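By the count of this note's numbering, the sequence shown reaches residue 732 at its end, each step adding exactly one. Beta carbons are placed, not taken as given, at the ideal position from N, Cα and C, and that holds for glycine. Note that the coordinates shown come from a computational prediction; the quantities given were computed from them, not determined experimentally. Written out below as structure tokens is the structure these notes cover.
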Amino acid sequence: MASLIISDRVEAKDFVEGVDYVQVSGIPEAKSPIVREFFSYNCSHCYRQDPIFEETVELLGDSIDFERTPIGAGRPSWILSQEAYYLAQKFNMTRQVHGNLFKRIHEKEGPFTRPEQLKDFFVKLGADANAVEKAMNSVDAKLAISNYDTQAQLAGIRGVPSLLVNGKYLIASKSRTPEELASLVKYLSAL
542 MASLIISDRV
552 EAKDFVEGVD
562 YVQVSGIPEA
572 KSPIVREFFS
582 YNCSHCYRQD
592 PIFEETVELL
602 GDSIDFERTP
612 IGAGRPSWIL
622 SQEAYYLAQK
632 FNMTRQVHGN
642 LFKRIHEKEG
652 PFTRPEQLKD
662 FFVKLGADAN
672 AVEKAMNSVD
682 AKLAISNYDT
692 QAQLAGIRGV
702 PSLLVNGKYL
712 IASKSRTPEE
722 LASLVKYLSA
732 L
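Here it is in structure tokens:
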């Protein structure tokens, strides 16, 4: 039902290139339509926007794939958060970790400053300590983090959170309701 309401509101005249979105060289996407959120668990704006993005994803339903790409921006604590995202995916704990990690950083203990804190966080959520330690020091973890940074660079990400639709339309950062954001994503995914 929500998808029908959203699609009725979408008209080309409602969205303006350069105001609502910009076309970028972007990144080749294996699947389409797709919206990719570039974010950091350490970013307070990402933390505040997360409920809006979550509701937007619900409104879009299965019509559009949604993926997250954490950025590190060369900051050690942000890089540890990238590693946390990698570990969450590796151990199939993304749903469990996502909200808890935002809360840990913004409401409780602050950002990770040492790898041991990251390991302890995952162990408290039920992950095996040895498996976490092994995964943290793996080549796969380093490659994943490098890939996240490469995607952000290719997409021209200059701030977070940022949404990239179909690898080539970067949604301008401004406040929107979940309904407005879902309408814009649907519009861009059809271009």
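Taking 4 residues as the shortest admissible run, the region 560-631 contains the following complete alpha helix (DSSP H) segments, listed from N- to C-terminal end: 585-601, 617-631. I712 has Y562, L704 as its beta-bridge partners, per DSSP. Distance from the CA of Y562 to the CA of D555, rounded to the nearest whole angstrom, comes to 12 Å.
Counting only runs that start and end inside the region 650-700, the alpha helix (DSSP H) elements of at least 4 residues fall at 656-665, 670-677, 680-695. For the 8 Å CB-CB criterion, R609 and F580 form a contact.
The three-state secondary structure of R636, taken from DSSP, is helix. Within the same chain, Cβ atoms closer than 7 Å to the Cβ of I568 are found at Q692, L695, A696, G708, the five residues on either side in sequence being excluded. The beta carbon of Q590 sits closer than 7 Å to the beta carbons of P702 from its chain, once the five residues preceding and following it are set aside; these are given in chain order. DSSP, reduced to helix, strand and coil, places L732 outside both helices and strands of the structure shown, so it counts as coil.
Per DSSP, reduced to three states, the secondary structure at F556 is coil, with no helix or strand assignment. Note on S566: under 16 other CB atoms within 10 angstroms of its CB, so exposed under the neighbour-count rule. Distance from the Cα of Y626 is smallest, within the candidate group E570, Y582, T597, for Y582.
Annotated three-state conformation of R645 is helix, per DSSP. Per the coordinates, the alpha-carbon of A629 lies some 11 Å from the alpha-carbon of F662.
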